[in-house]
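To start, the structure itself, in structure tokens.
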Amino acid sequence: MSDRNSSMADRKARALRNAKVPTSTRVVPRATTQRKRRPVTPGRPSVRKTTQSAPRATKTGRELLTQQRMKKTFFVCFALLFVVFLRVGYLQVVKADHYQQASLDQRLRNNTIKADRGVIFDRDGNELALSVPSVTVFADPTYVVDPITTASTLASVLRLTPKEEKALAKELAATDDNFVYVARQLNEDMAEAVTALNLAGIYSYSEPTRVVAGEVARNIIGRTDPDGIGISGLESQFDEVLTGVDGRQVIERDSDGRSIPSTRSIEREPEAGQDLVLTINRSMQFQTDAALLQRVAELKARGGNAIVMNSKTGEIYAISSIRRLDTGVYTTSPGNLSAVEAYEPGSVAKVISVAAAINENRVTDKSVFSVPGWQRFDDFTIRDAFPHDLQQMTVREILTQSSNLGTVLISQEIPTETLYSYIKSFGFGAKTDLNFPNESAGLLRDVEDWRGTEKLTVAYGYGFATTSLQLVAAVNVIANGGEYVAPKLVKATIDGDGNVKDTAPSETHRVLTPSTSSMMLSIMKDVVCLGTGTRAQVELMNVAGKTGTGYKVQQNGTYNTNDGGRKYFASFVGFFPAENPEVTILVSIDEPDPSSQDRFGGTAAAPAFARLAQVAIRELQIQPTTNHDGCPANVEVVGH
Amino acid sequence: MSTPIFDVTGEIYRPAAPYRTVADRRREMLDKVGLIKQRNLATNAPSMAFYAILIAAGVLVMLGLVMVLSASSVTSLHAGDSPWRLFGRQCIWAVFGLACGVVAYRTPYTAWRKFVGPLLLVSYILMLAPFSPMGISVNGARAWIGFGAFTIQPSEILKLAVLLYCADILQRRQKEIHDIKRTMIPCLAIMGFASFLSFIQKDLGTAIVFAAIMIGVMMMAGIRARNIAGVAFMSGLAGVALAMTDDRRRMRFTAFLNLEDNKGHYAYQVYQSILSISNGGVTGAGIGQGTGKWGYVPLAHSDFIFAIIAEELGLAGVVVILGGFLALAFFGFQAAISARDHFSALLAGGITFWFVIQAIINIGGVSGLIPVTGLTLPLISYGGSSLLVSMTAIGLLLQVARNMRVS
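Protein sequence lines correspond, in order, to chains A and B. Numbered per my numbering, the first sequence spans residues 14 to 653. Numbered per my numbering, the second sequence spans residues 14 to 420.
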């Protein structure tokens, strides 16, 4: 410590020499310079002198006190740091779970990832109904910072009207709610434009929109609600099959509710629903709609139904319903009216009573009945549609000319109970296996409840009601060699892995013997060749069928409107090729113009049948039979 | 040197020249140009305390920069700026701070002593500047002045100025330390005025730090314990009384007593920061992975940066931060105890105490141990003036540590 007094030269030399030797040697500002620069102020000279003296090797009492106090201060600091450490450790270790949960609660948001709904295909794999991606934008008003600005920004992107904008601003300002739809099911470009705004409190999720391609077969496919739940048609019937299992996504959001980047985690992958393969042929469905629409419009009718069905398997190729709107415009009905609405079938049902009598071996096609022009039963008169005197008619002629009285006479050959059981066996009075949503079972009272004339009228199609679907399946029994085959709409399902699972074949049961069936077929061929259904003839194809013209029951409970007029229900059910039927077609026209000549089954519905038959022949590539004999020499019979 | 020695390759073996450090060479160079006597050079090897303080401060500053980036990027982004903006500024301040630190380290504190008076005066004047139109309010405290893009918090400069001034007079009046009119009263006046200025800036935290530094320095200077206890008691009383005059502060204090029930409003900040700290657990969420900074923890990059560090680095990061301040405390006081003279001892002790007490008040507030007062975490938090002045102070502390007496 003596170097303080040594010369500068000495110190310099020693500093260089001892460069690496640790000593306490140091150049310290000297008291002299200090004194020079800080002039002595009067009043405190002595202090300065003493304090600027060289440090002593031995510590003074005051220095020791300072050191002691510094040590104490250090221990105080140490203790405080330790307390802080304990506090933080307590938060991070002991209370971690408690607060971590609170932290998660405030920033996690569960989002549902909608599972893709199954596609509905036609029989050839064309999409009928499918889900297309879209984005729904919603708001959490509790996180919306400025409702008015937010609403106006959204409005400019979504092109809202000022009124809608005002309504949106009001909804966004309502902080008691935390979910408000801003726009549902936007296309992706639009949605991107909205999400790019990154507005506080505005979120989006992807939500597929259900689209029915070209609206073809909308009547059977039905609808889904905006949440993708089937509410009508097959969408509703097969909702569980089509709906997948929704996935779940967790996002973390910041204090303003915006999602924190890269925190999305998928908790559960969505499982797509199964696809449905229908028996529908998209092209036939489209053409059936068009043809029926045209015919119904021509007839100024209220509506119409058409069903094209595979005679052997019951698979429905096309099923169409047309309705006239209140505005007078004709359009395809959004509902499957063929399955939902029931009417008295009228003359088409004669097929059932005649077939029953033949099958019971009570009559053959050649049995002869004496048919009067009209006959009174108790207080009820039955008359044929065409006036005639007492006439000897074979069973074949009765059906070909669609004689009401003749049919009643034939049916009286068998007990009413037997007729009833045949009617049941043909599929009336019970829903078909389609089990379509809201499907009607028709109306068929138990035989014990048949009253008076009902026992008679049932034979020619009054006193019970059927759906078009029931009717086509019933007549199809003849086409299918006497065996009932239930109609069918769903051919197969395809699961998420692409495995195709065919649905079970349609339920079948025997109704008629093959011989009865072929006899009926030949009679029905005559109906088209000679009888009431000549306008159903198709070039190079033998067609069999039956016309029907029903009177519709009116509000007043009679078959007459209040002004004495009638309302008709004209139908035709037929199948071809007659030698080996492949396709059965029903056409019914609801309330054709009653003043027109084309108000009967043979005139209103049969031409549409011929049209649809041509469509089916072309689409299904049905070969005309080589030994086509056509119809024998035309013996036109006026009737219906 | 009579016989050349050959190595295995047949070359002549040349013994290595004596190893010379950079410091050796610098010394030689200064000697050559004749400047060595003007320089204040220690010739001994730096003490362990010197290295420890250097490393501790370096780690805290660099970790702070990383965490400022992590915490401020969200704030910057949501303000519509580049996520790097606040971090970039902090880096610029760190470079300035490094320069100031080096200057402070190189400039003998005897030279500083000549300017303690003017420095204090200028600092006081600057403290009034926030009330001029240049002043800027942040979070209710009007404690900043703006120079174009940069803002300065004069109270940070005042901290160092007050410390230097008091260390100076306490050293000069060491002999009459028990004469409270000569020692304690002047110190109290300086401290009281600084505290008062901070208080009227509505910056209660800084006012408390002034009081704490002053009490610490007077304590270390050797003023009678009972006097200090009286001063501490009176300032505590004054502080509580002043705090209670303001409704918001009173509500905050009440809320502090029951965080859970007031988490929606008055205790929102602390509750969120507690959530953030807890969320880190032992291992932490990972740098950048924290959630508190996403708008939940207010001032995540400045006053509440500890919450973000605790969340992203977990208890491990907390140990590093607290360990850094503990190292600063230990070696800072070691430097102070072994300081060459009384002034540097008080200066080193004062700086150390300032850092540690401010860190404790900050972390204590952030973790819900004490009420929040609005203070930066020294060397770490975002804030230019704080970083610059802290690094300058570290430079001074290092100078003291470099020139420690070797026992």
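Glycine residues also receive a C-beta, built at the ideal position from the N, C-alpha and C atoms. Since the structure is predicted, the reported quantities are computational estimates derived from the model, not experimental observations.
Please state whether the Cβ-Cβ distance between residue i and residue j is less than 8 Å.
| i | j | result |
| --- | --- | --- |
| Met80(B) | Ile287(B) | no |
| Thr560(A) | Ser360(A) | yes |
| Ile318(B) | Ala84(B) | yes |
| Phe134(A) | Val290(A) | yes |
Counting only the same chain and skipping the five closest in sequence on each side, list residues whose C-beta sits under 6 Å from that of residue i.
| i | result |
| --- | --- |
| Val331(B) | Ala323 |
| Ala362(A) | Gly474 |
| Asn375(B) | Leu388 and Leu390 |
| Gly408(B) | Gly114, Ala117 and Tyr118 |
| Ala187(A) | Pro154 |
| Val157(A) | Thr163, Leu185 and Gly214 |
| Gly218(B) | Thr386, Gly387 and Leu388 |
Would you call residue i buried or exposed, if buried means 16 or more other Cβ atoms sit within 10 Å of its Cβ?
| i | result |
| --- | --- |
| Pro175(A) | exposed |
| Asp402(A) | exposed |
| Arg281(A) | exposed |
| Pro55(A) | Note that Pro55(A) has pLDDT 43, beneath the 50 cutoff, so the model's placement of it is unreliable and the number below is only indicative. Exposed is the call here. |
| Asp316(B) | buried |
| Met231(B) | buried |
| Phe671(A) | Examination of residue 671(A) is not possible in this model, given that chain A is present from 14 through 653 alone. |
| Val96(A) | exposed |
| Asn416(B) | buried |
| Trp367(B) | buried |
| His653(A) | Annotation note: pLDDT 42 at His653(A) (below 50); position unreliable, coordinate value reported separately. When all chains shown are included, His653(A) counts as buried. |
| Lys127(B) | exposed |
| Val634(A) | In the sequence under discussion, the amino acid at residue 634(A) is Gln, which differs from the Val named in the question. By the 10 Å Cβ count, Gln634(A) comes out exposed. |
| Thr237(A) | buried |
| Asn555(A) | buried |
| Phe390(A) | exposed |
| Trp387(A) | exposed |
| Tyr581(A) | buried |
Would you mind giving the Cβ-Cβ distance between residue i and residue j, rounded to the nearest angstrom? I have them listed as a contact below 8 Å.
| i | j | result |
| --- | --- | --- |
| Lys501(A) | Ile329(A) | 7 Å |
| Ala156(B) | Asp216(B) | 4 Å |
| Leu412(A) | Ile536(A) | 5 Å |
| Ala549(A) | Gly563(A) | At roughly 18 Å, the Cβ-Cβ gap does not stay under 8 Å, so Ala549(A) and Gly563(A) are not in contact. |
So which residues of chain A does residue i contact, with C-beta pairs closer than 8 Å?
| i | result |
| --- | --- |
| Phe366(B) | Thr86 and Cys90 |
| Met80(B) | Near Met80(B) there are no residues of chain A at all, since even the closest Cβ is about 15 Å away, more than 8 Å. |
| Leu134(B) | Simply none; closest approach about 17 Å. |
For residue i, which residues in chain A fall below 9 Å Cβ to Cβ?
| i | result |
| --- | --- |
| Gly327(B) | Gln105 |
For residue i, go through chain A and note every residue whose CB falls closer than 7 Å to its CB, in chain order.
| i | result |
| --- | --- |
| Trp307(B) | Asp267, Ser268 and Ile273 |
| Val385(B) | Within chain A, no residue comes near Val385(B); the closest Cβ sits about 14 Å away, beyond 7 Å. |
| Val244(B) | Chain A residues near Val244(B): none, gap ~15 Å exceeds 7 Å. |
| Leu339(B) | Phe91 and Leu94 |
| Ala69(B) | Within 7 Å Cβ-Cβ: nothing; Ala69(B) doesn't reach chain A, min ~13 Å. |
Residues of chain B with CB under 7 Å from residue i, in chain order?
| i | result |
| --- | --- |
| Gly102(A) | Leu328 |
| Gln80(A) | Ile350 |
| Met297(A) | Simply none; closest approach about 58 Å. |
| Arg75(A) | Gln187, Ile190 and Gly235 |
| Lys108(A) | Ser291 |
| Gln300(A) | The premise fails here: Gln300(A) is roughly 59 Å from chain B at the closest Cβ pair, so nothing lies under 7 Å. |
| Gln250(A) | Here the premise fails: no neighbours, minimum Cβ distance about 47 Å. |
| Thr115(A) | Looking at the sequence shown, residue 115(A) is not Thr but Ala. The contacting residues are Leu288. |
Leaving aside the five residues before and after residue i along the sequence, list all residues of the same chain whose C-beta is less than 8 Å from its C-beta, in chain order.
| i | result |
| --- | --- |
| Ala65(B) | Ala340, Phe343 and Phe344 |
| Ser144(A) | Asp129, Arg130, Val132, Pro221, Thr222, Arg223, Val224 and Gly241 |
| Ala329(B) | Val295, Thr296 and Gly297 |
Excluding the five sequence neighbours on either side, which residues of its own chain have a C-beta within less than 7 Å of the C-beta of residue i, listed in chain order?
| i | result |
| --- | --- |
| Ser530(A) | Ile491, Gly494 and Gly495 |
| Ala182(A) | Pro160, Ile161 and Ala164 |
| Gly153(B) | Lys215 |
| Asp190(A) | Pro154 |
| Asn240(B) | Ile193 and Met197 |
List, in order along the chain, the chain B residues whose C-beta lies closer than 9 Å to that of residue i?
| i | result |
| --- | --- |
| Leu306(A) | None at all; the shortest Cβ gap to chain B is about 59 Å. |
| Phe192(A) | Neighbours of Phe192(A) on chain B: none; closest Cβ ~21 Å, over 9 Å. |
Which residues in chain B have a C-beta closer than 8 Å to the C-beta of residue i? List them in chain order.
| i | result |
| --- | --- |
| Arg120(A) | Thr304, Trp307 and Tyr309 |
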